[in-house]
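S.K.: Structure below; questions to follow.
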Amino acid sequence: MAVGESQLDGETESGAEDEVEARVGWRYTVARIKQDTTARLGLYIVSFTLFVAMYTLIDSNLSRLTFGQVSDYTFAQLLPFFDHPTHIPPPGEGTQHMPPYFPLAEQSWNPLPAGGTLEHPLGTDHTGRDYFTRIVYGTQVSVFVGLISTFIGLSGGTIIGAVAGYYGGKVDDILMRIVETVYAIPPLILIIVFTVFIGGASIWYAVLGVGIAFIPIFARIIRSQVLSVREMDYIEAAQAAGVRDRNIIMRHVVPNSFAPMLVYATLQIGVTILIVAGLSFLGYGAQPPTPDWGQMLNIAHRNYMHSNIWLSIWPGIAIMITIMGFNLFGDGLQDALDPQIDD
Amino acid sequence: MSSEPLLRVENLKTQFFTEEGTVRAVDGISFEVREGEIVGLVGESGAGKSVASMSIMGLVESPGEIVGGEITYKGETLFGLEEGPDGELRERDDMLSSEEIRTRIRGNEIAVIFQDPMESLNPVFTVGGQLREFIELNRGLPEDEARAEAIDMLREVGIPDPEERYDEYPHQFSGGMRQRVLIAMALACEPSLIIADEPTTALDVTVEGQILDLVDDLQEKYGTSFIWVTHDLGVVAEICDRVNVMYLGEIVEKAPVDDLFYDTKHPYTNALLNSIPRPDRTVTELEAIEGVMPEAISPPSGCRFHPRCPDAREVCKRAHPDAKVVADADGEPHEAACVKHDAFDAGYDQSPPLEGTAVDTGSAAVEESESELTANPAGDDSGGETRE
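Encoded structure:
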């Protein structure tokens, strides 16, 4: 219409140009993280860990690097979307997913080599499996466990918290009281009871249990955000436009409440890894022969604390570095996403 | 006149049940909107204008509730109550279900433009994306057609380079541009009625003028009816065909726009007009309305405006007037809810005035001050009335 054309004022245009560099959007976030040394360190560690985890998922024959034996099978075989062998190969032969297995009897007898050799940089465990390779493969379990259970907590918490916060009133009361009941139980106890009650010790039950145990935290965080977002005019505008509630929640409420969730989820991955390692350490998580740091710690500390303390230290260092990476990255993300913080 | 109006609101009552008591935000208002006309809903903050418009959309939020009245749109009942067999009021059977209102009425038939353009667009999605999604949802168009339609709409409301600005985010738009986007969104599904809830209040005066021009043009082109909610009588004069003046949940005056300004029938409207800053008067000459609007939780007895009314008399404390036709404006009724008009026959002229009694104590003084005041009301044909 003719009305509009003449009304383009310079202010609009130049304002738009300046604001392209506004403090929103993932590009700005990434730029902020790159400026921040500790966050960058976190980003590197997280990327490295993810890379190792992905790589070991594809290549389950890392043993060619160390000529040792990884495990009887790896975590990849537990994942439904990977083929896993239907038979255990005979000693000395590997499959795509299973490196060659050399029973102890066929190796030169050295129950616990001290390490430092080219063949076994970190030595071997009690069955003669190369410790370094097992630690590398342990990344897989830790990372996927952390991601999957955080995802369960995040999505469950988001749905519950957003629905509770958006509708308010009775819906809010009922949902949040249930969530708080779960929250009142110490998570470790809850998970142990859960895994034992449902199906016995298994890494999957541990993952599910940890995920459920953290739903309340996520639900409470997003609910507090939703309470302010739902008062915004664009929510009312969407209602007035006849958008259904489900779409309002998913398209308008959740995306505008999600930044703190993202930060918390990143920090939570580290916590989850630690908790699942703890569960495995206690025997409720990953079961032998899956290479898992917690479980390796368990065996090492129980049997070889005095004879070879390094067996306990290496998985501990792996856990520490991974968690530190996620925490540093999470902190950096928090700073980058918070519009209040100035540099 | 005789044909069914587009929207008819009758005796609408919306109340908020708070812990302090029942807030009667909208207390029995009636008005209608005909095809292709712009109807103003004017009043101070808190008069119940926005609640009234949200009631029409069925979007009153808890603890608010529509407790009475009837809303008819194109012959369909958006809200209506009837007495059930047990004597309780219940929703009528012919009332549209909330699902039908959501899918058929909201957005498609009645659209809303909100007050604050800064906050009415979702900040995390692009402007074009939101407009496109809205068109997709309400008109069932495939994505590429909806996109083309969205760009057309942006061009229509005067956004320069709509193809480029389509992919920009709301924060990259100025206030006036955003309000244009909201108008585009409201018009996108070619609704028959648009409720504009103070759409220009947050804008600069210059931008406000442009938006009003735009609305005027678009209204002519599409023939859309508007309910224009505002507190700005200047805007009303500019754009509206008929005006409803609200005070404390009630409509106190209803008139075609010219008659409202040149033949004001209600003291409140008069006071509103006198309180508008004008270049020919200094601030000290401005007659601001005395006091503040009372809470709708405990409205004054009688006429709700009487504590602040310059023409108030004793009878105003008791008689609660409903709007009645007090004059005829070229075939259109001019309604006002003030007992000083003859149509009410409430004994206004015999009643002692309130203003004088505020300072004195005895009834003897009342008679005296009455004689001072009766000569006072200007433009009022009560000059030669009976006095004892």
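The listed protein sequences correspond, in order, to chains A and B. Our numbering puts the first residue of the first sequence at 951, with every later residue one more than the last. Our numbering puts the first residue of the second sequence at 152, with every later residue one more than the last. Note that the Cβ used here is the ideal one computed from N, Cα and C, for glycine as well. On a predicted model such as this, the values are computed, not experimentally measured, just so you know.
Could you compute how far the alpha carbon of I1199(A) sits from the alpha carbon of D355(B)?
M.R.: Those two C-alpha atoms are separated by around 33 Å.
S.K.: With H, G and I counted as helix, E and B as strand and the rest as coil, what does DSSP make of E359(B)?
M.R.: It is helical.
S.K.: Exposed or buried, which one is V1121(A) when buried takes at least 16 other CB atoms within 10 Å?
M.R.: It counts as exposed.
S.K.: Quick one: using the 10 Å Cβ neighbour count with 16 as the cut-off for buried, is E359(B) buried or exposed?
M.R.: When all chains shown are included, E359(B) counts as buried.
S.K.: What are the residues that DSSP puts in a beta bridge with D178(B)?
M.R.: According to DSSP, which records beta bridges pairwise, D178(B) is partnered with K164(B).
S.K.: Using a Cβ cut-off of 9 Å, which residues of the region 1178-1189 of chain A contact any Cβ in chain B, in chain order?
M.R.: Those would be M1182, D1183, Y1184, I1185, E1186, A1187, A1188 and Q1189, in chain order.
S.K.: Taking a contact to mean a Cβ-Cβ separation below 8 Å, would you say Y1234(A) touches A1163(A) in this structure?
M.R.: Cβ distance not < 8 Å, so Y1234(A) and A1163(A) don't count as in contact.
S.K.: Leaving out five residues on either side along the sequence, give the residues of the same chain with a beta carbon under 8 Å from the beta carbon of H457(B).
M.R.: Closer than 8 Å at Cβ, skipping near neighbours: P451, A463, C467, K468 and L505.
S.K.: Looking at the structure shown, is P1238(A) part of a helix, part of a strand, or coil, going by DSSP?
M.R.: Three-state result, P1238(A): coil.
S.K.: Can you tell me where the alpha helix (DSSP H) holding E315(B) begins and where it ends?
M.R.: Run containing E315(B): P313 to R316, per the alpha helix (DSSP H) assignment.
S.K.: With contact counted as at least three CB pairs below 8 Å, one residue from each stretch, are the region 261-273 of chain B and the region 1189-1204 of chain A in contact?
M.R.: Short answer: they touch.
S.K.: Can the beta-carbon of A203(B) be found less than 8 Å from the beta-carbon of Y398(B)?
M.R.: In this structure, Y398(B) does not lie closer than 8 Å to A203(B) by Cβ.
S.K.: Give me, in chain order, the residues of the same chain whose beta-carbon lies closer than 8 Å to that of S1262(A); leave out the 5 immediate sequence neighbours on both sides.
M.R.: Cβ within range, chain order: L1247, A1250, H1251, Y1254 and M1255.
S.K.: Quick check for students: name the residue ranges of the alpha helix (DSSP H) that lie wholly in the region 426-469 of chain B, counting only runs of 4 or more.
M.R.: Taking only runs of at least 4 residues, the alpha helix (DSSP H) segments lying wholly in the region 426-469 of chain B are 465-469.
S.K.: Considering just the uninterrupted stretch of the beta strand (DSSP E) at F1208(A), what are its terminal residues?
M.R.: From DSSP, F1208(A) is part of no beta strand (DSSP E); its letter is neither H nor E.
S.K.: DSSP beta-bridge partners for G172(B)?
M.R.: Paired residue(s): T169(B).
S.K.: Against chain B, does P1205(A) count as a neighbour if the rule is that its beta carbon must be under 8 Å from one of theirs?
M.R.: It does; some Cβ of chain B falls within 8 Å.
S.K.: Could you pull out every residue in the same chain whose Cβ sits closer than 6 Å to the Cβ of R243(B), ignoring the five residues on either side in sequence?
M.R.: For R243(B), where only same-chain residues beyond five positions count, the Cβ hits under 6 Å are G231 and E233.
S.K.: If we require 4 or more residues per run, which alpha helix (DSSP H) segments fall completely within the region 1238-1288 of chain A?
M.R.: The region 1238-1288 of chain A contains these whole alpha helix (DSSP H) runs: 1243-1253 and 1260-1287.
S.K.: Here's a check: name, in chain order, each residue in its chain whose Cβ is nearer than 7 Å to the Cβ of L292(B), leaving out the five neighbours to either side.
M.R.: For L292(B), where only same-chain residues beyond five positions count, the Cβ hits under 7 Å are I286 and E300.
S.K.: Name, going along the chain, the residues of the region 1265-1286 of chain A whose beta-carbon falls closer than 7 Å to a beta-carbon of chain B.
M.R.: Those would be none; no residue qualifies.
S.K.: Under a CB-based cut-off of 8 Å, is V1129(A) close to chain B?
M.R.: Taking Cβ atoms only, chain B never reaches closer than 8 Å to V1129(A), which makes this a no.
S.K.: Tell me whether N289(B) sits in a helix, a strand or coil according to DSSP, three-state version.
M.R.: Helix.
S.K.: Report the neighbours of R1194(A) on chain B: residues whose CB is nearer than 8 Å to its CB, in chain order.
M.R.: Under the 8 Å cutoff, chain B gives R253.
S.K.: Rank R298(B), V177(B), P313(B) and Q330(B) by C-alpha distance to the C-alpha of E270(B) and give the top, closest one.
M.R.: Nearest of R298(B), V177(B), P313(B) and Q330(B) to E270(B), Cα basis: Q330(B).
S.K.: Report yes or no: is there a C-beta of chain A within less than 8 Å of the C-beta of G258(B)?
M.R.: Yes, G258(B) counts as interfacial toward chain A.
S.K.: Expressed to the nearest angstrom, what Euclidean distance is found between the alpha-carbon atoms of P1241(A) and M1211(A)?
M.R.: Each residue's alpha carbon lies about 31 Å from the other.
S.K.: Using beta carbons (cut-off 8 Å, strictly below), is P350(B) in contact with chain A?
M.R.: With 8 Å as the cut-off, P350(B) does not count as an interface residue toward chain A.
S.K.: If you follow the beta strand (DSSP E) that P484(B) is in, where does it begin and where does it stop?
M.R.: Taken as a continuous stretch (DSSP letters only), the beta strand (DSSP E) holding P484(B) covers E483 to A487.
S.K.: Looking at the secondary structure, which residues open and close the beta strand (DSSP E) in which T381(B) lies?
M.R.: S376 to T381 is the extent of the beta strand (DSSP E) around T381(B).
S.K.: I want to know whether the region 374-385 of chain B touches the region 334-346 of chain B - three or more CB-CB distances under 8 Å.
M.R.: At 8 Å Cβ cutoff, the stretches touch.
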